[in-house]
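Visitor:
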Amino acid sequence: MSNIARKVAQYLLKANAVKLKPNEPFTWASGIRAPIYCDNRKILSFPQFRNEIKHHLSQLAENLGEADVIAGVATAGIPHGILLADLRDLPFIYVRSKPKGHGLQSKVEGFYEKGQRVIVVEDLISTGKSSLEAVESLRSEGLEVLGVIALFSYQLKKSEENFKGAACKLFTLSEYGTLIDVALEQNYINQQELDLLKKWRDDPVNWLEKS
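When you read off a place in the sequence shown, starting at 1, and then add 7, the result is the number in this note's numbering.
Laid out in C-alpha cells, this is it:
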C-alpha cells in the first residue's frame, strides 16, 4: 500500500466521491450488485485534491514512457486528461463511447497523427471494457497506445484478464483494497462492513449469497 494510494483513497472519501453501503448494495449499469459506488467527478470540485491528483497522474504516467499525446476517455476521463496534458504541455484528444452521429462521425476527437505515442487517462476501472474500447479506437487510427492510467480500480479479476488479453498496460493511483482499509481506519465503516466488502472483492457475483 503506497503513500500515494492512501492519499488518493483519502481524497475520494473526503470528497464523498465513494459511497460504501455493504448492507444496501448498489446496482451498477452492468447489473452487478456492489457495496460500493464511485463518482470520481466530485474530485474536480475540490481544487486541492484535483491539483494533487494531477501531479500524481503525471508521476504515474512515467511508468509508460514518453508520450506525444494524452487521450481522455469520455466522459469522466476527459477533465483529468486535460489537466495532465496541460501540466505536461502535450496535445490532448478524447475518445467517444460511440461515433458522433453527424458530420465526420468521429470517435476520436482532436488533432493527432499516425504513429504518435498515446497515454490514455480514465477515472475508474471496473471490468476495463470502456477503457479498452477506447484503446482499440486509438489503435485503429494508427496511434501507439503506451497504456492506461486511472485514478482508481475496483481490482476485479475480470479487468486484469481484459487488459492482459488486450496487451495493454494499466496503472492506477489507488485501488479497492487500499480504500476499504483506509475507510476502516477513519471510521467510515466498521469491521463487519469491511468483511462484507472483502467478500465482494473476492466474488463480486455471488458475494450476497455468502453474506
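We treat Cβ as the ideally placed atom computed from N, Cα and C, and that holds for glycine.
Please read these numbers as outputs of a predicted model, since none were measured by experiment.
1. Should the region 67-75 be regarded as contacting the region 41-52, the criterion being three or more beta carbon pairs within less than 8 angstroms?
2. Taking contact to mean at least 3 C-beta pairs separated by less than 8 angstroms, is the region 154-164 in contact with the region 126-140?
3. Exposed or buried, what is Glu216 when buried is set at 16 or more other beta-carbons lying within 10 Å of its beta-carbon?
4. With a floor of 3 residues, list each beta strand (DSSP E) that falls wholly inside the region 34-86, ordered by position along the chain.
5. Examine the ligand PLP and report whether any of its heavy atoms sits within less than 6 angstroms of the Cβ of Leu153.
6. So the beta strand (DSSP E) Ile222 belongs to, where does it begin and stop?
7. Could you tell me the distance, in whole angstroms, from the CA atom of Leu90 to the CA atom of Gly172?
8. Per DSSP, Tyr101 is paired with what?
9. Three-state secondary structure (DSSP) at Ile196?
10. Of all the beta strand (DSSP E) runs that stay within the bounds of the region 139-176, which reach a length of 3 or more residues?
11. Could you give the C-beta distance for Ala12 and Ser181, rounded to a whole number, given that I count them as a contact under 8 angstroms?
12. The alpha helix (DSSP H) with Val15 in it runs from where to where?
13. How should Phe170 be labelled, buried or exposed, when 16 other C-beta atoms within 10 angstroms of its C-beta is the threshold for buried?
14. Can you tell me where the beta strand (DSSP E) holding Lys26 begins and where it ends?
15. I'd like to check one pair, Val155 with Leu177: are the Cβ atoms closer than 7 angstroms?
16. What does the Cβ neighbour count give for Lys164, buried or exposed, with the cut at 16 atoms within 10 Å?
17. If contacts are defined as beta-carbon pairs under 8 angstroms, then Ile100 and Val115 qualify, I think. What distance do you get, rounded to the angstrom?
Guide: Quick look at the numbers:
1. Of all C-beta pairs linking the region 67-75 to the region 41-52, fewer than three are shorter than 8 angstroms, placing the two stretches out of contact.
2. Flag = yes, the region 154-164 and the region 126-140 touch.
3. By one-based count along the sequence shown, residue 216 stands at place 209. Counting Cβ neighbours within 10 Å, Glu216 comes out exposed, since fewer than 16 surround it.
4. Within the region 34-86, the complete beta strand (DSSP E) runs of at least 3 residues are 43-45, 76-80.
5. The ligand PLP is not part of this structure, which contains no ligands at all.
6. In the structure displayed, the chain extends from 8 to 218; residue 222 sits before or after that span and is not available.
7. Reading the sequence shown from its first residue, position 83 is the one you call residue 90. Reading the sequence shown from its first residue, position 165 is the one you call residue 172. CA-to-CA, the gap between Leu90 and Gly172 works out to about 29 angstroms.
8. Working through the sequence shown from its first residue, we reach residue 101 at position 94. The secondary-structure analysis by DSSP pairs Tyr101 across a beta bridge with Gly79, Glu116.
9. The residue given as residue 196 occupies position 189 in the sequence shown. For Ile196, the three-state secondary structure derived from DSSP is coil.
10. Within the region 139-176, complete beta strand (DSSP E) segments of at least 3 residues are found at 151-160, given in chain order.
11. Taking the first residue of the sequence shown as position 1, residue 12 is located at position 5. Taking the first residue of the sequence shown as position 1, residue 181 is located at position 174. Contact between Ala12 and Ser181 holds: their C-beta atoms lie close to 4 angstroms from each other, under 8 angstroms.
12. Here the question's residue 15 lines up with position 8 in the sequence shown. Start and end: 10-21.
13. The residue given as residue 170 occupies position 163 in the sequence shown. With 16 or more Cβ atoms within 10 Å of its Cβ, Phe170 is classed as buried.
14. The residue you call residue 26 lines up with position 19 of the sequence shown. Here the beta strand (DSSP E) through Lys26 covers 25-27.
15. Within the sequence shown, the letter at position 170 stands for residue 177. Within the sequence shown, the letter at position 148 stands for residue 155. Cβ atoms of Leu177 and Val155: closer than 7 angstroms.
16. As a working mapping, residue 164 is identified with position 157 in the sequence shown. By the 10 Å Cβ count, Lys164 comes out exposed.
17. As a position in the sequence shown, residue 100 is number 93, starting the count at 1. As a position in the sequence shown, residue 115 is number 108, starting the count at 1. Contact between Ile100 and Val115 holds: their C-beta atoms lie close to 6 angstroms from each other, under 8 angstroms.
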